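A.B. asks:
In my numbering, the protein residues as written are 9 to 845.
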């Protein structure tokens, strides 16, 4: 019987795999975090979901990835900006997207090599990968400083840094995400040449396939690209989980957790995922790379270069369909169930808590959404803690847990669902403690940790094994000890901890800092054998749209506990009071009603006209300024391109005539950097003033970056420091231009306060934690007028210096246009604005 069952399993798996298209991905190096998104896409089933079975090939010695990919139509590869050069040579390449927007490449040397300037490279021995962008980037640097390659000894790479450490070479082409970590651990002093500092904006890894594959199988290629990008987004948003996958399944180089974490943080920044640029290929950047190869390669036929099609490198992201349906097995499971039971926790606000005879919270609201989709009643069963919950699940008395930490999960009998809410570890301290970034400075201080969740305890011990931890009964006990000074800090999960601080300790405690990367705090826990229920929960979580998820989370950000009220007596009393009031005031009410209504209508109409005039004025102003800036941008771009082309031509002339002028070279580099800055600045202004009719999705942090780029010059001139603290960055759907306009109004309001009061060391702290908090130290707003600052035409400035419309328009844009909330309050030494969308 067992043999028959095994045969049936193998038989079904063979036919299941036959339904998938088999493709191969060739990596450019050995397994490491540099390719983590592709591993995630495979292991999480993203490739399988789009009908693909992907074989990921680790690079072999002297592997020619391009030739392997062009050989067959079902192949993909990872290369870099050398693809532009190969395309110029006529290779039939179809680039799909750039994983890293900036090159990882650096030229590494030891400090004892006595290399203090580019001129010191003469007569040095350098090891380059001659089959990648290494050689071209290095040649560009030499050209800028009039150094002939014949004055150096160039050898092809051995991929072994020991050649540098043992003195066989002087300079080693390396990735900024790799070798530096090992040198730091060994205590070896080093330095490096970074091509990015010389305005050489090459891409890092580029995903590509053959032109034939893209032309004949466009749907398959698009599906592969979409699933890969989805894998990268997951990898960067779940770094801890991704590292553990690498260690357990792809660790062919035997890297440690810390080594992977070092690499992951650098690669995340170079990917520019938080700016929304993951996968982007830009025409201007391709043109820059194309020009660079013309300057460094002597074997290019003019006909080929003249016919080079920049648009063949352009790409756009592909929307994906995540819709799921239940299988017959899953439908049968649901049909047999009368109800689905889950563990509910009494005091884990805002996730799950008991109040007024019912359970409430974020996890409960998500369960209600799932209940609607499944069309089956869900019943809450009260439990004391995780241990009791998981014991009842194991005995089949309860179906699942409403709150389970996704990773690490120390309970072997439980599997976790896909997360429905993200959180992270945070350190709470007293409100007057200074900010810091390094936990290693607090080994001697006592840090409280709740013992309610063994998963959380285990996670903290893994991340911070050297901390002096004191276990406490619950969150409240830990925070009470902190307020009394008996412990230095408390570590907990951001969602629950922030809610408790806001509720009881707002003027005593603060979240000092986020510790490490995001973890999934809101998952459901299911018995490891109950894969059918796990699949059902996962599919319904996927099918809850982003807007609903945000609304659920945001609805609990500022929740206050309700007081127990006897509403029966309340309504009786209220009714009696109303009757009594009507009896006394009826006579005068009848006489005055006509006049009151008339006066009210006049005021309402006047106010509507004022608001309408203000909105039209603001809209017209933005439209006219947008048109003006677009005209300016159009006029700027051609001269800027001409300047850059002339700089490249001057470089080329100096190389050909063997002329040397270090000052001129430095000036040319500065010209390139300044023209790039000018182009980016005018682009930011154009985007800001461009009126958008449709909402769009964007990271809160990206809107802040755009805002600061507009205000940076004026703020730097008066010495205002802006600090950004990202606790939980999220994607919101709103009008980007209007959102930026709101931020500019608030920041300019702080700037005016700094200048009018001559504040020393002016500072603005912007905190992102599922909403936006903007704090300044400008002395606050007078308590008598703080409630009026959002009124139209109200201003504290001289009548010639302000109209009082800036903050009023900000309030209107956030609350009326985007359905959000904008509020203000005084804090110690300053003012705090909160924006929720």
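Here a beta-carbon is modelled for each residue, glycine too, at the ideal position from N, C-alpha and C. Quick caveat: nothing in here was measured; it's all calculated off a predicted structure.
Going by DSSP, name the residue or residues bridged to residue 412.
C.D. replies: 531.
A.B. asks: Can you have a look at residue 138 and say buried or exposed, based on whether 16 or more other CB atoms are within 10 angstroms of its CB?
C.D. replies: Exposed: under 16 other Cβ atoms inside 10 Å.
A.B. asks: To the nearest angstrom, how far is it from the Cα of residue 136 to the Cα of residue 255?
C.D. replies: Roughly 29 Å between the two C-alpha positions.
A.B. asks: Which residues share a DSSP beta bridge with residue 484?
C.D. replies: Bridge partners of residue 484: none, in fact.
A.B. asks: Am I right that residue 422 and residue 547 are in contact with their C-beta atoms under 8 Å? What's the rounded C-beta distance?
C.D. replies: About 19 Å separates the two Cβ atoms, so there is no contact after all.
A.B. asks: List, from N- to C-terminal side, the beta strand (DSSP E) runs of 3 residues or more that fit wholly inside the segment 164-193.
C.D. replies: Complete beta strand (DSSP E) runs here, min 3: 179-183.
A.B. asks: Which residues in the same chain have their Cβ closer than 8 Å to the Cβ of residue 61, if we skip the five residues on either side of it in sequence?
C.D. replies: Within the same chain, residue 61 has close Cβ partners 25, 28, 29, 30, 31, 55.
A.B. asks: Mapping DSSP to helix, strand and coil, what is residue 295?
C.D. replies: Helix.
A.B. asks: Can you tell me whether DSSP reads residue 103 as helix, strand or coil?
C.D. replies: Residue state, collapsed to three classes: strand.
A.B. asks: By how many angstroms is the C-alpha of residue 85 removed from the C-alpha of residue 374?
C.D. replies: Computed Cα separation, rounded: 40 Å.
A.B. asks: Would you please state the rounded distance, in angstroms, between the beta carbons of residue 41 and residue 279? I believe it to be under 8 Å.
C.D. replies: In fact, because the Cβ distance is near 11 Å, the residues do not count as touching under 8 Å.
A.B. asks: Along the chain, where does the alpha helix (DSSP H) that runs through residue 501 open and close?
C.D. replies: Note, residue 501: premise wrong, no alpha helix (DSSP H); beta strand (DSSP E) at 497-501.
A.B. asks: In angstroms with no decimal places, state the Cα-to-Cα distance between residue 203 and residue 244.
C.D. replies: If I take the Cα positions, the gap works out to 25 Å.
A.B. asks: Classify residue 156 as buried or exposed, calling it buried when 16 or more other Cβ atoms lie within 10 Å of its own Cβ.
C.D. replies: When all chains shown are included, residue 156 counts as exposed.
A.B. asks: So which of 299, 473, 44, 440 has the shortest CA-CA distance to residue 237?
C.D. replies: Nearest of 299, 473, 44, 440 to residue 237, Cα basis: 44.
A.B. asks: Rounded to a whole number of angstroms, what is the C-alpha to C-alpha distance between residue 58 and residue 335?
C.D. replies: Going by the C-alpha atoms only, they are around 17 Å apart.
A.B. asks: Of all the options 218, 182, 146, which has the alpha carbon lying nearest to the alpha carbon of residue 33?
C.D. replies: Of the candidates 218, 182, 146, the one whose C-alpha sits nearest the C-alpha of residue 33 is 218.
A.B. asks: Starting from residue 272, trace the alpha helix (DSSP H) in both directions and tell me its first and last residue.
C.D. replies: Start and end: 265-279.
A.B. asks: Report all residues from its chain with a CB closer than 8 Å to the CB of residue 366; omit the five preceding and five following residues, and keep chain order.
C.D. replies: Counting only Cβ-Cβ distances below 8 Å, and skipping sequence neighbours, we find nothing.
A.B. asks: How would you label residue 297, buried or exposed, when you count the other beta carbons within 10 angstroms and need 16 or more for buried?
C.D. replies: That one is buried.
A.B. asks: Out of 133, 144, 185, which one is the CA nearest neighbour of residue 160?
C.D. replies: Closest by alpha carbon: 133.
A.B. asks: For residue 175, is the classification buried or exposed, using 16 other Cβ atoms within 10 angstroms of its Cβ as the cut-off for buried?
C.D. replies: The residue in question, residue 175, is exposed, as its Cβ has fewer than 16 Cβ neighbours within 10 Å.
A.B. asks: Quick check on residue 557: does DSSP put it in helix, strand or coil?
C.D. replies: Reduced to three states, the DSSP call for residue 557 is helix.
A.B. asks: If you compare alpha carbons, which of 763, 741, 264 is closest to residue 726?
C.D. replies: The shortest C-alpha separation from residue 726 is found at 763.
A.B. asks: How far does the alpha helix (DSSP H) with residue 542 in it reach, from first residue to last?
C.D. replies: That run of the alpha helix (DSSP H) goes 539-550.
A.B. asks: Return the bridge partner residues of residue 651 from the DSSP annotation.
C.D. replies: DSSP lists no partner for residue 651.
A.B. asks: Pick from 758, 735, 741: whose alpha carbon is nearest that of residue 711?
C.D. replies: Comparing Cα positions, the closest option is 741.
A.B. asks: Let's see if you can read the secondary structure: which residues bound the alpha helix (DSSP H) around residue 761?
C.D. replies: Element bounds for residue 761: 744-765.
A.B. asks: If you draw a straight line from the alpha carbon of residue 773 to that of residue 721, how long is it in whole angstroms?
C.D. replies: Cα-Cα distance, rounded: 18 Å.
A.B. asks: Using only the alpha-carbon positions, how far apart do residue 228 and residue 221 sit?
C.D. replies: Roughly 9 Å between the two C-alpha positions.
A.B. asks: Could you name the residues that DSSP lists as bridge partners for residue 841?
C.D. replies: Paired residues: 782, 832.
A.B. asks: Which residue comes first and which comes last in the beta strand (DSSP E) that contains residue 401?
C.D. replies: Counting along the chain, residue 401 falls outside any beta strand (DSSP E), though it belongs to the alpha helix (DSSP H) covering 394-402.
A.B. asks: Under the three-state reduction of DSSP, which class applies to residue 724: helix, strand or coil?
C.D. replies: Helix at residue 724.
A.B. asks: Should residue 765 go down as buried or exposed, given a rule of 16 or more other Cβ atoms within 10 Å for buried?
C.D. replies: Under this definition residue 765 is an exposed residue.
A.B. asks: Would you say residue 392 touches the ligand NAP, meaning its beta carbon is less than 7 Å from a heavy atom?
C.D. replies: Ligands in the displayed structure: none, and consequently the ligand NAP is not present.
A.B. asks: Measure the beta-carbon distance from residue 661 to residue 676 and round it to whole angstroms, keeping in mind my assumption that it falls under 8 Å.
C.D. replies: 11 Å between Cβ atoms; not a contact.
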